[in-house]
Amino acid sequence: MSAQKIAFCFPGQGSLEAGMGREIAQAFPEAMQVYERASEASGLDLVRLCFEAPEEELVQTEVQQPALVATSLAVLAALRSRGFEPDVVVGHSVGELAALAAVEALGIEEAIALVRERGLAMAAAARENPGSMAAILGLEDAVVEGLCEKITRVWPANYNCPGQIVVSGENPAVDECCTEAQLQGARRTVKLRVSGAFHSPLIERAAERLRPAVERARFSEPIAPFMSTVTAKIEPAQRLAALLVDQLTAPVKFTQAARELMRQGVKVFVEVGPGNVLTGLLKRIDRSVKAIPVGDLASLEKLKETLSSA
0 MSAQKIAFCF PGQGSLEAGM GREIAQAFPE AMQVYERASE ASGLDLVRLC
50 FEAPEEELVQ TEVQQPALVA TSLAVLAALR SRGFEPDVVV GHSVGELAAL
100 AAVEALGIEE AIALVRERGL AMAAAARENP GSMAAILGLE DAVVEGLCEK
150 ITRVWPANYN CPGQIVVSGE NPAVDECCTE AQLQGARRTV KLRVSGAFHS
200 PLIERAAERL RPAVERARFS EPIAPFMSTV TAKIEPAQRL AALLVDQLTA
250 PVKFTQAARE LMRQGVKVFV EVGPGNVLTG LLKRIDRSVK AIPVGDLASL
300 EKLKETLSSA
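This is the structure:
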């Protein structure tokens, strides 16, 4: 086992894949058990949705969020059965709930029930107050922040890596921001496939709806440090409820959180769950760190080799 400091990272919405987690769950009874517990806690058949449903069925916010978190926690169960443990955890947006379950600040059932409520709240808020999100590539953070100050009803939503900020807001404002960004020299602007203006004040109603459920939850002190992408700081149990509510309307500071982890000596990042979105972002934040996605059997085997050669 590597002596290097390892962070487990949990992906957010957009990392879904049809059939996600099936291979791991068939090979590891611990992983299948996570899906069964998560199905019960969410009231959704997550085994069918993750293993068999087409992407169009998975893409809805209220289904995608519990499906993603369940898959990350199933992969985590497989990693743990092989003896892998994180020194610290971090999650991107809804991935924070997987991170909190990973460090036992929340139980699996409690985390999944909160994710289900979060997804429903965000989907309802997006229907009430429509908006969109767009990635702006190739501009300094300060330039994009300046555009958001100048154009009303659009905000920085995700600090993903240097030269990649996602903005969120009302449709005309997001479109104007994209046009202005291109005039400022942006390499590209990409509208995201999401149903609303997430991580912006436009979904304040979702935060209000989620608050009672979060306040009822009992948070234990994490068994390993939890790095918040709301504050880019390690946060204790008593701050978690407020942060999970703030998170819906606050920007995701993934760049800042990852840099702080690197400053604290993390050299290896393991992306736990479907896809490799966070792996790509981490390599753009700092090329010298090892970033390894684990979402299937082949990548789980490769992790052992990578860490033993580290």
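When you line the sequence shown up against numbering that gives the first Met the number 0, it's residues 0 to 309, in that order. Every residue, glycine too, gets a C-beta built ideally from N, C-alpha and C. Since we're looking at a predicted model, the values are computed, not measured.
Three or more Cβ pairs closer than 8 Å define a contact, and the region 112 to 119 falls short of that threshold against the region 144 to 154. Look at the beta carbons and you see the region 46 to 63 not touching the region 94 to 107: under three pairs across the two are nearer than 8 Å. For Gln163, the pairing in a beta bridge is given by DSSP as Leu136 and Cys160. Here the C-alpha atom of Glu56 lies approximately 35 Å from the C-alpha atom of Glu234. DSSP places Ala290 in the uninterrupted beta strand (DSSP E) bounded by Lys289 to Val293.
Residue burial is scored here from C-beta neighbours: Gln25 has fewer than 16 other C-beta atoms within 10 angstroms and is therefore classed as exposed. Taken through DSSP and simplified to helix, strand or coil, Gly195 comes out as coil. Following the DSSP letters along the chain, one finds Arg81 in no alpha helix (DSSP H), marked with neither H nor E. If you ignore the 5 residues before and after Gly106, its C-beta comes within less than 8 Å of the C-beta of Ala100, all in its own chain and listed in chain order. Excluding residues up to 5 positions away in sequence, Val102 and Glu103 lie with their Cβ nearer than 6 Å to the Cβ of Ile222 in the same chain. Bounds of the beta strand (DSSP E) holding Ile5 are Lys4 to Phe9. Counted as a single uninterrupted DSSP element, the beta strand (DSSP E) harbouring Lys266 occupies residues Val265 to Val271.
For Lys190, the three-state secondary structure derived from DSSP is strand. For Arg186, same chain residues with a beta-carbon under 6 Å away, outside a window of 5 residues either side, are Leu136 and Gly137 in chain order. Counting of Cβ neighbours within 10 angstroms places Asp295 among the buried residues, the total reaching 16 or more. Along the region 38 to 126, the beta strand (DSSP E) occurs as fully enclosed runs of 3 or more residues at 87 to 90, listed in sequence order.
Distances from the CA of Ala73 to each of Gly272, Ser194 and Val251 were compared; the closest alpha carbon is that of Gly272. Of the other Cβ atoms in all chains shown, 16 or more fall within 10 Å of the Cβ of Leu146; this residue is therefore buried.
When DSSP states are grouped into helix, strand and coil, Pro200 belongs to the helix group. Annotation: Pro53 to Glu16 spans about 9 Å, alpha carbon to alpha carbon. The C-beta of Ser307 has fewer than 16 other C-beta atoms within 10 Å across all chains shown, which makes the residue exposed. At least 8 Å separates the beta-carbon of Val165 from that of Val173. Residue Glu22 holds the alpha-carbon nearest to the alpha-carbon of Ala297 among Gln3, Gln12, Phe7 and Glu22.
Look at Ile23 here: in three-state DSSP terms it is helix.
With contacts defined as CB atoms closer than 8 Å, Leu201 and Gly279 fail to qualify as a contacting pair.
In the DSSP assignment, Val251 forms a beta bridge with Asn157. The C-alpha of Val276 is placed about 23 Å away from the C-alpha of Ala141.
Under the DSSP definition of a beta bridge, Phe225 partners with Val88.
Taking 8 Å as the cut-off, the beta carbon of Gly11 is found no closer than this to the beta carbon of Ala124. In the DSSP annotation of this structure, the continuous segment of the alpha helix (DSSP H) that includes Pro171 starts and ends at Asn170 to Leu182.
For the set Pro250, Ala240, Leu281 and Gln237, the Cα lying nearest the Cα of Arg258 is the one of Leu281.
Taking 8 Å as the cut-off, the Cβ atoms of Val93 and Ala69 do not count as close. The alpha-carbon of Val229 is positioned some 11 Å away from that of Tyr158.
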